[in-house]
Every structure is written in structure tokens, then in C-alpha cells.
Amino acid sequence: MRAEANAGSGAAAISARGISRRFGQFLAVDDVDIAVARGEVFGLLGANGAGKTTTMRMLCGTLAPDGGSIAVGGVDMVRHARRARARIGYVAQRWALYGDLTVRENLELQAGLYGLGGQRSRARCQWALDFLGLRAVAGANGDGLPLGFQRRLALGCALLHEPDVLFLDEPTSGMDPLARQQLWDLIYELAESGIGILVTTHYMDEALFCDRLALMHAGRVVAGGEPEALLAEPLDTPIVELRGARCDACREAFTGLGFVREIVPGAGLLRIRLRAGSDARAAIETLRATAAACGALPQSLQEVPPTLEDVFVARLEQAVA
Amino acid sequence: MKLQRVRAIAVKETRHLLRDPGSLAMMLLMPVMLLFIFGYAIRLDVLEAPVGVFQEAPDAASSELAAHLDASRAFRVVARYDSRRALGEALQTGQIWAGFVIPHDFARELAGGSARIQLLLDGVDANTARLLRNYARAMITEYALRQGAAEPPLVIEERVWFNETRESRYAILPGVIALVMAVMGALMTSLTIAREMEFGNLVMLRTTPLSRAEFLCGKLAPYVVIGLLDVLVAAWLTTALFDVPLRGSLLALVGVSTLFLLVVLLQGALISMLAGNQMLASQMSMVSTFLPSFLLSGFVFAVQNMPRALEYLSYAVPARYYVTLCKAIFLKGVGPLLLWTEMAALCAVLVVLAVATFRRASRLGLLP
Numbered sequence: 633m634r635a636e637a638n639a640g641s642g643a644a645a646i647s648a649r650g651i652s653r654r655f656g657q658f659l660a661v662d663d664v665d666i667a668v669a670r671g672e673v674f675g676l677l678g679a680n681g682a683g684k685t686t687t688m689r690m691l692c693g694t695l696a697p698d699g700g701s702i703a704v705g706g707v708d709m710v711r712h713a714r715r716a717r718a719r720i721g722y723v724a725q726r727w728a729l730y731g732d733l734t735v736r737e738n739l740e741l742q743a744g745l746y747g748l749g750g751q752r753s754r755a756r757c758q759w760a761l762d763f764l765g766l767r768a769v770a771g772a773n774g775d776g777l778p779l780g781f782q783r784r785l786a787l788g789c790a791l792l793h794e795p796d797v798l799f800l801d802e803p804t805s806g807m808d809p810l811a812r813q814q815l816w817d818l819i820y821e822l823a824e825s826g827i828g829i830l831v832t833t834h835y836m837d838e839a840l841f842c843d844r845l846a847l848m849h850a851g852r853v854v855a856g857g858e859p860e861a862l863l864a865e866p867l868d869t870p871i872v873e874l875r876g877a878r879c880d881a882c883r884e885a886f887t888g889l890g891f892v893r894e895i896v897p898g899a900g901l902l903r904i905r906l907r908a909g910s911d912a913r914a915a916i917e918t919l920r921a922t923a924a925a926c927g928a929l930p931q932s933l934q935e936v937p938p939t940l941e942d943v944f945v946a947r948l949e950q951a952v953a
Numbered sequence: 049m050k051l052q053r054v055r056a057i058a059v060k061e062t063r064h065l066l067r068d069p070g071s072l073a074m075m076l077l078m079p080v081m082l083l084f085i086f087g088y089a090i091r092l093d094v095l096e097a098p099v100g101v102f103q104e105a106p107d108a109a110s111s112e113l114a115a116h117l118d119a120s121r122a123f124r125v126v127a128r129y130d131s132r133r134a135l136g137e138a139l140q141t142g143q144i145w146a147g148f149v150i151p152h153d154f155a156r157e158l159a160g161g162s163a164r165i166q167l168l169l170d171g172v173d174a175n176t177a178r179l180l181r182n183y184a185r186a187m188i189t190e191y192a193l194r195q196g197a198a199e200p201p202l203v204i205e206e207r208v209w210f211n212e213t214r215e216s217r218y219a220i221l222p223g224v225i226a227l228v229m230a231v232m233g234a235l236m237t238s239l240t241i242a243r244e245m246e247f248g249n250l251v252m253l254r255t256t257p258l259s260r261a262e263f264l265c266g267k268l269a270p271y272v273v274i275g276l277l278d279v280l281v282a283a284w285l286t287t288a289l290f291d292v293p294l295r296g297s298l299l300a301l302v303g304v305s306t307l308f309l310l311v312v313l314l315q316g317a318l319i320s321m322l323a324g325n326q327m328l329a330s331q332m333s334m335v336s337t338f339l340p341s342f343l344l345s346g347f348v349f350a351v352q353n354m355p356r357a358l359e360y361l362s363y364a365v366p367a368r369y370y371v372t373l374c375k376a377i378f379l380k381g382v383g384p385l386l387l388w389t390e391m392a393a394l395c396a397v398l399v400v401l402a403v404a405t406f407r408r409a410s411r412l413g414l415l416p
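Protein chains in written order, with my numbering: chain A, 633 to 953; chain B, 49 to 416.
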């Protein structure tokens, strides 16, 4: 919705077409398209080695693609790298600022790197301190800050020059739930101001916070779109959930059944993924009988809607097959 | 190239330095320390060398000769021996560096017009032995003249220019400045880029519009200031404490030193990028500057006396040109324009290093 509201204001935040990158024999990214509108939060998902870091590096200009085109804020990233870099802000996953400089000094350095002059530099540094709640620690050295503050400082540094696009590489990894929530609130606030935001993450619950997603596997985008649309699509591998006592016994008994693809145990429940094309109704009857045979009486046994993770697992299986 | 970005990097670098008083103190005090060590330790002239005398006949003439030797600045008679054997043992144990044997008929022969005495030298330190021999010769000749011997038919009237009293520290200290600057300059910058690589700061810098030229200029700027400060302190100590005259202009010295500083700072920066970590970088910079600057710069050891291959190798050592320039400015009082070959050579090294550093910096991933 935010995306639609701000889509009119000029060129897309990110527009990458057919980008590829090879490292020796290894094809890290293979013909990937990514488009992020202004005001949109775009999530890039995938396991380690799926190609999301390589994709991110190409999008923010630190790695040249072997093929394809990349534009940020309408500026060609390959041919006009300097102008393009002036339009992006990047927050690395690991601390990449200077630990022996204070919060304020780190901000001043970054303002200088983006070519902001005295007056404007001071104003923007003040803004960052206020916006990110860093005023109280402005005089503290970077390496003494708690992780959450370090991330916010890095975010502040990336926003000083009012970029069109913000890249966040695993922004919440290692953070406690409260700090994560606060960071996501900030991300929404920034998106609302019209910045296009690209986030990489491997938290599935965070993927749901994004306006649109792309799931990468082996260098390709295997699933993409709005999370609601992805969830709404019918899955050909139904999920059945069992709740009740004696889950362990049931799990052992179910393992031999031909239509069971995978059993994921939870607290007091089992999530049973059926093989593609299975009839859920018939499967539930068989499961109930099997459970009864080993003395378990489930409180409930029914088909449940898939989670985003279920969708991705299914898509990955399709991609591999 | 945007000045704002260069300044941002330079300010940041200066802040690193101010936050790290240990390193800063090392950069400012190490030159002073090295100057003291080398200034006092390297002595090529001999003062008050301990010598022994064996008078075969302790008569007035031989005692007078011994007293004459003792009175000089070169020798100090520490012991008189009563046998050749005792004198020999003293030489062997190192109590004395040289021994004079004055024969029993010395007085008679001297009166007759052709006396001889024997000089025994400890040749383990060949250079000192040679110096002592020359001193002894000069003093004996002087003594003979005083005793009324005739002047030899041919006499050299010698004058040593630029260093009239032949003080070895005159020749050495300007060279020490060069040595110190070569080592310090490269060491200072060898740490600085390796540090960014080690701490992962480049990950962030790469995504900014910073170019490698802006990065390098900003990184080196604070060290040019520190280096020049070092040069001034070293020059001041050399003249004030060691009494070496500065006959040329200070401006010429500062100009030449700036050129040399740029060379060694770039060398350090290049090493920093090649090594990629601070530990290796500091070791590489020490070895690659100290040894060549010490051995192949003509600082103490004349390059012309070396085997041809080493002499050619010395042309690649930038300190060689700086040593020549420093000595010329301090002692001869000539300007760098007179020594334009050395200036041109330094400029050439600077260009080569600048290009090499710049090219290597493309691997940092910053904008070209």
C-alpha cells in the first residue's frame, strides 16, 4: 500500500534486470531481476550461499555484475557509479564504522564522505542523533556501544545524505526482540518518507513485515511477490497439524506412512507435510487410525493453512526438482 | 577529487592518532631516540684510545715520547709494561688497543738522526687499527720535527673542506635523519590501510562516493605533517645538541624532506595494501626500509666501495638520494638545485611509487 502511495515520485528506487555474477566455475547469481519502488520494503531471503549477499553487493555497487543492468534512483550503477553511490545508504551486517571514534565523529565522517558541507553536515548529524535516539551517547566511543545502538548509528550514517535507497544487510541479526521491533518501526517510518528499502534476512517472521519478497536459491529467485499473495496460493503439499499428548509415539508410527513427506515436531503438536498430490481428507482418516492404534487420542487433527516457510520449502523443492 | 571527502578522511585519521597516544608518542619520540642512539653510538673517529708503552730502557728521551703520546687527544697511555710479553698479553685481553715499544738505544739513535720505535696494533677492528696507525704516524712526525729533525723535501698542505675538524658525527648525523625518516615514514603509513582492511571498515567505505585518490590523499596528509615535525625536531637536535652546522637553508631542507617523506609514506601505503594486516605490514616496512637505508644509502658505508651489483641496487634505494641531499645541505650549504640529479631521481621514485600505489588501491574496491 505504501508502495502504491509513493510510486509516482520519479524513477524506481532499484531496477535490476538480468544480473549475473560468476566466481570462477561457480555461478553465484544467475539472471536475477529485482525491482523496488520508492516507499517499499523489499525482503531478499535465502540460505547462506543462495546468492543474496552477492546480489546485494551488486545492487549497491561494490561488485560489478558480469551481465545485466542496475539502476538506483534512475542512475546507472555501473556507468555512473559515483552519482549512483550518492543515492544509496548501506548498513553492513557487521560493525564497519570506527570504534575509536565517538558516535558524533562517525556521523561527521560519513557526512564528509557524502560531501555534505559545514552547515548541512551539522544539521543532518543533529537530525540523525534525534531521529535514532542517539543524543545521550553522542560522545561515547563506537566500540563501547550495545549492539542495538551500533546498528542505529550505522543506520544514521547511511541516512545522512537523504538517499533514495537504503540497503540493510541482516539488520536485526543478534538483536533482542524489543530492539528488533524498534528497528522495524524505524524501517517503516523511513519507507513512509519515500525511501526504497531492501532488507536481507533469514527470519521468516520478519519476511512477513516486508511489502514484497524474493526468495533466492542457488543464484536464482525461486519465489517472489507480496507475502499475502504467496500465502494465498494453494499448495500442492497439504499440511496437517496434530495436537495432543503422546506426540512422540505418533511421530514414530507416522514415519512409515507412504503419503507423509516430512514431520516437524513442535511443542505439543506435530506438523505433517504430505506428499504432493495427496488427498488431505483421506490422509487425516489414516493418520487418526494410526494414532489410535498406538494409543493416542489427538485433541485435534486437521488441515492447516501453510506458513511462509511452508511455501518456501515447497518452492525450493520444486526448484530443485 | 572533492576536498570535503579528503578532509573527512584526514580528520578521521588525525582522530585515530590522537586517540592512540602510544602510537603518536612513538611517531614523535622514536626519531629523537634513534638520533641519540646513532648520534652517540656511531663514532668513526677515535678519542683517547687506551694504549700501552714498553720502554726497554726507561731513560729521559723515551719517557718524554710516552708523555707526548699521552698528552694527545688520540691516545691515553693506560699502562707501562716491563716486557714485550706483558704488552702482548694486554693487547690480547683488549686492555689496550695499541702498544708502543721504545728500544733501549732510542735516545742514542734519536741523537744520531735515525731512531725507530715499534707500534703493535690490535687488528681485530681493522678500521680502528688503521686510524690509530695514522694518528701515531702523524704524532711521531710532529715529535721528530720538534726534536729538530729536518723537514722532508715534499710536504702535503692539506685542508679538509666542509668538515674541517674531521668530526665523524658531521658526516653521520645528516644521514641519520635520512635513516630515521625512511623507517618512520614507511612504518607510520604501513599500519594505516592494513588497519581498515583488518577491521572491515572498507565494507562501508566502498558504498560511499569516496574515490581511491581521495582516500589515499586523506590518509597520508596527517602523516606528512607528523613527518615534517619529525624532520624539524631532528634538524634542531642535530644542530643544537650535536653542533653540526646547517649551512644551507632550512627551507631547502624542508622542501627536500617533504619530497622524501612522500616517497616513504607511499612506500608504507603500498606495503600496507600488499600485507593486508598490521603485523605483517609493520615487519615488511621495517625490513624494506631499515636495511637498505642503513647499508645501501651511503649513510655510513660509501656505496662506491661496494661490489658493482650492490652499487647498482643502491640506485633503487630512495634514502641514497636523500642522504646525499641532506649532507650537502647541512655541510656544503648548497641548494637542491645544484644537486638536480638526486632531486630528479627522487621525483622519479615518487612517480613510480605513486603509480604503483594508485594501481594497487584499485583492489580496495573504492571508486576509481
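Where is the CB? At the ideal position from N, CA and C, for every residue including glycine.
Self-check item: Within chain A, partners of R254 (chain B) - CB distance below 7 Å
Solution: For R254 (chain B), the residues of chain A that pass the 7 Å Cβ criterion are T694, in the order they occur in the chain.
Quiz item: Where do the ends of the alpha helix (DSSP H) carrying V99 (chain B) lie?
Solution: Element bounds for V99 (chain B): not the alpha helix (DSSP H) but the beta strand (DSSP E), 97-103.
Exercise. Check the Cβ of E894 (chain A) against every Cβ in chain B and list those closer than 7 Å, keeping chain order.
Key: Simply none; closest approach about 38 Å.
Quiz prompt | Coarse secondary structure for M633 (chain A), derived from DSSP in three states | solution = The predicted model places M633 (chain A) with a pLDDT of 40, which falls under 50 and marks its position as unreliable; any figure quoted below should be read in that light. Coil at M633 (chain A), not helix or strand.
Quiz prompt | Residues bridged to H712 (chain A) [DSSP beta-bridge criterion] | solution = DSSP lists no partner for H712 (chain A).
Quiz item: Are any of the Cβ atoms in chain B nearer than 9 Å to that of I827 (chain A)?
Solution: no
Quiz item: Closest Cβ-Cβ distance between G656 (chain A) and chain B: below 9 Å?
Solution: Interface flag for G656 (chain A) against chain B is unset, since no Cβ pair is found closer than 9 Å.
Practice problem: Take F148 (chain B) as the anchor and find which of B:R67, B:V101, B:L268, B:W388 has the nearest alpha-carbon. | Solution: B:V101
Quiz item: Taking the DSSP output, what are the residues bridged to M848 (chain A)?
Solution: Note: M848 (chain A) sits in a beta bridge opposite A:V853.
Quiz item: Going by beta carbon distance, what residues of the same chain come within less than 6 Å of P366 (chain B), once the five residues before and after it are set aside?
Solution: V311, V397
Quiz item: Q52 (chain B) CB to nearest chain A CB: under 9 Å?
Solution: At least one chain A Cβ lies under 9 Å of Q52 (chain B).
Quiz item: Where does S647 (chain A) fall in DSSP's three states?
Solution: strand
Quiz item: What does L822 (chain A) touch in chain B if you count any residue whose Cβ is under 7 Å from its own?
Solution: Those do not exist, as L822 (chain A) stays about 17 Å from chain B at its closest Cβ, beyond 7 Å.
Quiz item: For N773 (chain A), does the three-state DSSP call read helix, strand or coil?
Solution: strand
Exercise. Report yes or no: is there a C-beta of chain B within less than 9 Å of the C-beta of N638 (chain A)?
Key: Its pLDDT being 41, under 50, N638 (chain A) is placed unreliably by the model, and nothing is read from it.
Exercise. Taking P897 (chain A) as part of the beta strand (DSSP E), name the residues at either end of that continuous run.
Key: Per DSSP, P897 (chain A) belongs to the beta strand (DSSP E) from 892-898.
Practice problem: Count the other CB atoms, across all protein chains shown, that sit within 10 Å of the CB of P870 (chain A); report buried if there are 16 or more and exposed otherwise. | Solution: buried
Quiz item: Just how far apart, CA to CA, sit T922 (chain A) and S647 (chain A)?
Solution: 53 Å
Self-check item: Reference F799 (chain A), options A:A786, A:L906, A:P809, closest by Cα
Solution: A:A786
Quiz item: Does any residue of chain A bring its CB to less than 9 Å from the CB of N249 (chain B)?
Solution: yes
Quiz item: Alpha carbon to alpha carbon, how far is I274 (chain B) from M75 (chain B)?
Solution: Our two residues, I274 (chain B) and M75 (chain B), have alpha carbons roughly 8 Å apart in a direct line.
Quiz item: Of the choices B:F347, B:L276, B:W284, whose alpha-carbon is the least far from that of T306 (chain B)?
Solution: B:L276
Quiz item: Which whole-angstrom value is the C-beta distance of L933 (chain A) and V872 (chain A), which I expect to be below 8 Å?
Solution: 7 Å
Exercise. Quick one: which unbroken beta strand (DSSP E) runs of 3-plus residues sit fully inside the region 244-270 of chain B? Chain order, please.
Key: none
Quiz prompt | Own chain residues within Cβ distance below 7 Å of C692 (chain A), not counting five before or after | solution = Contacts found: I720, Y722, F799.
Quiz item: Around the C-beta of G640 (chain A), are 16 or more other C-beta atoms found within 10 angstroms, so that it is buried, or is it exposed?
Solution: Residue placement at G640 (chain A) is flagged as unreliable, the pLDDT there being 42, under the threshold of 50; a coordinate-derived value is accordingly withheld.
Quiz item: Would a C-beta distance cut-off of 9 Å place L948 (chain A) and A839 (chain A) closer than the cut-off?
Solution: Not a contact, by the Cβ cut-off of 9 Å.
Quiz prompt | Cβ of G776 (chain A) within 9 Å of any chain B Cβ | solution = Under the Cβ distance rule, G776 (chain A) does not count among the residues neighbouring chain B, no pair being separated by less than 9 Å.
Quiz item: Is there at least one Cβ from chain A nearer than 9 Å to P69 (chain B)'s Cβ?
Solution: no
Quiz item: In its own chain, which residues sit with a C-beta less than 7 Å from the C-beta of A58 (chain B), not counting the 5 before and 5 after it?
Solution: G266, A269, P270
Practice problem: Just the C-alpha distance for E636 (chain A) and T256 (chain B), rounded to the nearest angstrom, thanks. | Solution: Residue placement at E636 (chain A) cannot be trusted, given a pLDDT of 42 that sits under 50; what the coordinates show is reported in the next sentence. When only Cα atoms are considered, E636 (chain A) and T256 (chain B) end up about 29 Å apart.
Quiz item: What number of angstroms, rounded off, separates the C-alpha of G223 (chain B) from the C-alpha of I144 (chain B)?
Solution: 31 Å
Quiz item: For L239 (chain B) versus S71 (chain B), is the C-beta distance shorter than 9 Å?
Solution: The Cβ-Cβ distance between L239 (chain B) and S71 (chain B) falls below 9 Å.
Practice problem: List the endpoints of the continuous beta strand (DSSP E) containing E212 (chain B). | Solution: Segment: none, E212 (chain B) is in no beta strand (DSSP E) and carries neither H nor E.
Quiz item: Opposite E873 (chain A) in the DSSP bridges: which residues?
Solution: A:R903, A:Q934
Exercise. For chain B, find out if any of its Cβ atoms is closer than 9 Å to the Cβ of E956 (chain A); answer yes or no.
Key: Because chain A is modelled from 633 through 953, residue 956 (chain A) falls outside the range shown and cannot be assessed.
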